[in-house]
Amino acid sequence: MDMVLDAAVLAQAARILAVLGDAGLRVVTAESCTGGLVAGALTQHGGSSGMVEGGFVTYSNDMKMAVLGVPRVLLERHGAVSAEVA
């Protein structure tokens, strides 16, 4: 199935890749509610493998704790969708 993303999102992803490339940086994404769309937008562009290391989609709180090391106390106090957890 082909992913269809808004042109503005793809344009922003291209700008991010350009900044990363110019700075010699690479990125790893950690997503939840977006379900991998950020990584998907970045990797729609040719040459993105030079800047995108990989990504994680951790939808459940258990995965956030196990894979990303988010402390349980933050999830309990603030919820998964909060600045503190982000």
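Under the working numbering, the residues of the sequence shown are numbered 491 to 576, in order. For glycine and all other residues, C-beta sits at the position ideal for the given N, C-alpha and C.
In the DSSP annotation of this structure, Gly-511 is not part of any beta strand (DSSP E); the continuous alpha helix (DSSP H) holding it starts and ends at 497-513. Counting the other CB atoms within 10 Å of its CB gives Val-518 a total below 16, which places it among the exposed residues. Per DSSP, Glu-521 is one residue of the beta strand (DSSP E) stretching across 517-521. When only Cα atoms are considered, Ala-508 and Asn-551 end up about 33 angstroms apart. Shown here, Gly-530 sits in a helix according to DSSP, grouped into three states.
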